[in-house]
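Numbering (my numbering), first residue to last: 114 to 221.
Okay, structure coming up:
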């Protein structure tokens with residue numbers, strides 16, 4: 114019978130993957146931003162054009178009325194087809210599988 118000894122430096126293994134995780138998060142954030150933005154209310158395109166990635170996993174729409182449009186304006190009748198309140202939630206319902214694929218491809 115033979116003995117096998119295995120040594121694994123977890124810290125070193127994880128540190129090698131951190132840049133890969135950061136790249137995957139950045140690609141995922143950008144895809145989520147693009148997919149969600151298309152459902153944000155559009156009048157003169159100011160709200161849709163204001164979306165940005167603020168940090169890992171943080172996307173915002175930077176107009177003074179964005180919060181109202183997202184949370185408080187449910188049931189409003191928008192003139193632009195496909196526009197709605199809680200546009201991220203709608204995009205997540207439609208694109209969740211694709212978002213997972215984006216992250217998996219980036220980590221491959």
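Cβ coordinates follow ideal geometry from the N, Cα and C atoms, glycine included.
Asked                                                                                                                                  : Found
Helix, strand or coil at residue 252 according to DSSP, with G and I counted as helix                                                  : Residue 252 lies beyond the range of the chain shown here (114 to 221); nothing can be said about it.
Cβ-Cβ distance between residue 208 and residue 198 below 9 Å                                                                           : no
Neighbourhood of residue 174 by C-beta, 7 Å cutoff - its chain only, sequence neighbours within 5 removed                              : 153, 160, 163 and 164
Limits of the unbroken beta strand (DSSP E) element including residue 173                                                              : 171-174
Three CB pairs or more closer than 8 Å across the region 120-131 and the region 184-196                                                : no
Burial state of residue 141, where buried means 16 or more other Cβ atoms lie within 10 Å                                              : buried
The alpha helix (DSSP H) enclosing residue 210, as first and last residue numbers                                                      : 200-220
Counted within 10 angstroms of its Cβ, other Cβ atoms place residue 193 as buried (16 or more) or exposed                              : exposed
Rounded Cβ spacing between residue 149 and residue 200 (contact assumed at less than 8 Å)                                              : 5 Å
Contacts around residue 203, its chain only, beta-carbon distance under 7 Å, and the 5 residues preceding and following it disregarded : 152 and 197
First and last residue of the uninterrupted alpha helix (DSSP H) at residue 189                                                        : Element bounds for residue 189: n/a, residue is neither H nor E.
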